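So the sequence shown is numbered by this note's numbering: it starts at 2 and just counts up by one. The beta-carbon is built from N, C-alpha and C at its ideal position, and this holds for glycine as well. As the structure is a prediction and not an experimental result, all values here were calculated from the model. Below is one structure, written out as structure tokens, with a few remarks after it.
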Amino acid sequence: MAPPSTLVLPRQARQRTASLVVTPAVVAHRGASGYRPEHTLEAYRTAIRMGADDIELDLVPTKDGVLVARHENEITGTTDVALHPEFADRKTTKVVDGARHTGWFVEDFTLAELKHLAARERLPGMRPDSASYDGQAGVPSLNEVLAMVHAESARRGRQVGVMLELKSAAYFDSIGLPVDEPLLADLRRHEVDHPRSRVTVMSFEPTVLRRLSGRLRVSVVQLLESSGKRPADLVAAGDPRTYADLATPDGLAWIDEYADGIGAHKGLVLPRDADGMIGRPSRLVRDAHRRWLTVHVWTLRAENHFLPTNHRNGDDPEDHGALAAEAQAFLDAGVDGLITDHPDVVLAVRDQAA
2 MAPPSTLVLP
12 RQARQRTASL
22 VVTPAVVAHR
32 GASGYRPEHT
42 LEAYRTAIRM
52 GADDIELDLV
62 PTKDGVLVAR
72 HENEITGTTD
82 VALHPEFADR
92 KTTKVVDGAR
102 HTGWFVEDFT
112 LAELKHLAAR
122 ERLPGMRPDS
132 ASYDGQAGVP
142 SLNEVLAMVH
152 AESARRGRQV
162 GVMLELKSAA
172 YFDSIGLPVD
182 EPLLADLRRH
192 EVDHPRSRVT
202 VMSFEPTVLR
212 RLSGRLRVSV
222 VQLLESSGKR
232 PADLVAAGDP
242 RTYADLATPD
252 GLAWIDEYAD
262 GIGAHKGLVL
272 PRDADGMIGR
282 PSRLVRDAHR
292 RWLTVHVWTL
302 RAENHFLPTN
312 HRNGDDPEDH
322 GALAAEAQAF
332 LDAGVDGLIT
342 DHPDVVLAVR
352 DQAA
């Protein structure tokens, strides 16, 4: 029997729905974040060395309006900021996207100040090997990431894509740090604001994407959270729609006005039953494809804790289960891209299925 991380159903035992693309993309979520601290240049380079088609990064602005790569603006868990006495007075409590957080926030630091911090593994208990790299990398700016991707693409003779997620855009609008102009400036500085650049701009918030869609020449993707949640910008505007509403045919028609695709929570494509198992896919991929909207799915991770129960290996949540089988299930459902912390595993499945 193959080890859990490489187990795939025989080709003849599978029924597969066609994707919109010839070869579905494997996207490294925050870099190869199953192996290196997320959103570091080394995490991105590791993913590129593994062969990832694209890297995904989340963007938040500094106090001086520079976009940097962090999953969210609160950085206590992903940097060593708490160890810096010179920044002790920056610790505060804020409400971001309707949730209360206490810690240190990117928008209270200039880029120069952030450069004094070192990145750390977000899940050290679950990913001790990655945590062993704590302190070896800093917080990169979008400018630095685009320069690195250009160099790596030239070095390897292939164009590496970049998927840019704009985080908490309505919140940053409210504090006078809109992300629009810094994003456009960085894309134009690196001459990648054109359809052939393999740059994609994404957000969970429709407002910023609708605002940017007429100004950008790159692909735009509307991210969709799980069914019971609501976009923070729509909540702030008094709009009652949920992500489940946006995943309906009418919601997809609205998204089609400004976006080229969707990035769906994996439960929207392969729902889990009461026992946590996945089975038949929902209609979302078919409905999106009817409007020529591509479908990326997020986030595929190897640890049992993140896998459906029918693809776990034992009861230890930190052990690796059958990520390959889960990836194959999404390929069979016809998705156009798989966003994953473990791109090497998913690449092997994608290439076997090609």
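Item	Value
Between LYS64, ARG37, PRO62, which has its C-alpha nearest MET51's C-alpha?	ARG37
Going by DSSP in three states, PRO207 sits in which element: helix, strand or coil?	helix
Count the other CB atoms within 10 Å of the CB of SER20; is the residue buried (16 or more) or exposed (fewer)?	buried
Quick one: what's got a C-beta closer than 7 angstroms to PRO125's C-beta in the same chain, skipping five residues either side?	ALA132
Using DSSP with H/G/I as helix, E/B as strand and the rest coil, what is ARG12?	Reliability fails at ARG12, whose pLDDT of 39 lies under 50, so the model's placement of it is uncertain and no value is given.
Closest to ILE340 by C-alpha separation, out of PRO282, SER283, ALA265, LEU285, would be which residue?	ALA265
Nearest to LEU294 by CA position, among ASN305, ASP130, ALA328, TRP255, is which residue?	TRP255
Under the assumption that GLU108 contacts THR63 (Cβ atoms under 8 angstroms), give the Cβ distance between them as a whole number of angstroms.	7 angstroms
Let me know the secondary structure DSSP gives VAL350 once reduced to three states.	helix
What separation, rounded to the nearest whole angstrom, lies between the Cα atoms of GLY268 and SER227?	7 angstroms
How many Å lie between ASP81 and ARG121 at the Cα?	7 angstroms
By the three-class DSSP mapping on this structure, what secondary structure does PHE106 have?	strand
Kindly indicate which residue of TRP299, ASP246, THR310, PRO141 has the alpha-carbon position closest to the one of ALA275.	THR310
CB-CB under 6 angstroms to VAL150, same chain, minus the five flanking residues each way: which ones, in chain order?	VAL161, VAL163
Which partner residues of VAL286 appear in the DSSP bridge assignment?	DSSP output for VAL286 lists no bridge partner at all.
Are the stretch 128-148 and the stretch 58-72 touching, with three or more C-beta to C-beta distances below 8 angstroms?	yes
Can you round the beta-carbon distance between ALA170 and GLU206 to whole angstroms, since I take them to be within the 8 angstroms contact cut?	5 angstroms
Is ARG123 near ASP333, with beta carbons less than 9 angstroms apart?	no
Quick one, are the C-beta atoms of ASP55 and ARG199 less than 9 angstroms apart?	yes
Work out the CA separation of GLY338 and PRO282 for me, nearest whole Å.	16 angstroms
Any idea if ILE76 is buried or exposed, counting beta-carbon neighbours within 10 angstroms, 16 or more meaning buried?	buried
Where does MET2 sit, in a helix, a strand or coil, going by DSSP?	Annotation note: pLDDT 31 at MET2 (below 50); position unreliable, coordinate value reported separately. In the structure shown, MET2 sits in coil (DSSP, three-state: anything other than H, G, I, E or B).
Once the 5 residues before and after ASN139 are set aside, which same chain residues still bring their CB inside 7 angstroms of it?	Per the sequence shown, residue 139 should be read as Gly rather than Asn. Result list for GLY139: LYS116, LEU118, ALA119, ALA120, in chain order.
Along the chain, where does the beta strand (DSSP E) containing SER220 start, and where does it finish?	220-225
Report yes or no: do three or more beta-carbon pairs, one from the stretch 210-221 and one from the stretch 257-264, lie closer than 8 angstroms?	yes
Please report the distance separating the alpha-carbon of THR79 from that of VAL298.	24 angstroms
Do VAL296 and GLN329 have their beta-carbon atoms positioned less than 9 angstroms apart in this structure?	no
Is there a Cβ of chain C sitting closer than 9 angstroms to that of ARG91, yes or no?	Looking at the structure shown, chain C is missing, and only one protein chain is on hand.
Sort out for me which residues DSSP pairs LEU68 with in a bridge.	PRO62
Just to confirm, are GLU43 and GLY32 a CB contact at a threshold of 9 angstroms?	yes
Return the residue from the list ALA238, LEU225, PRO250 that minimises the CA-CA distance to TYR244.	LEU225
Where do the N-terminal and C-terminal ends of the beta strand (DSSP E) with THR300 fall, by residue?	295-301
For the beta strand (DSSP E) that LEU167 lies in, which residues bound it at each end?	162-167
Closest to ARG242 by CA distance: which of ARG231, THR249, LEU301, ASP251 is it?	ARG231
If you draw a straight line from the C-alpha of THR103 to the C-alpha of VAL96, how long is it?	9 angstroms
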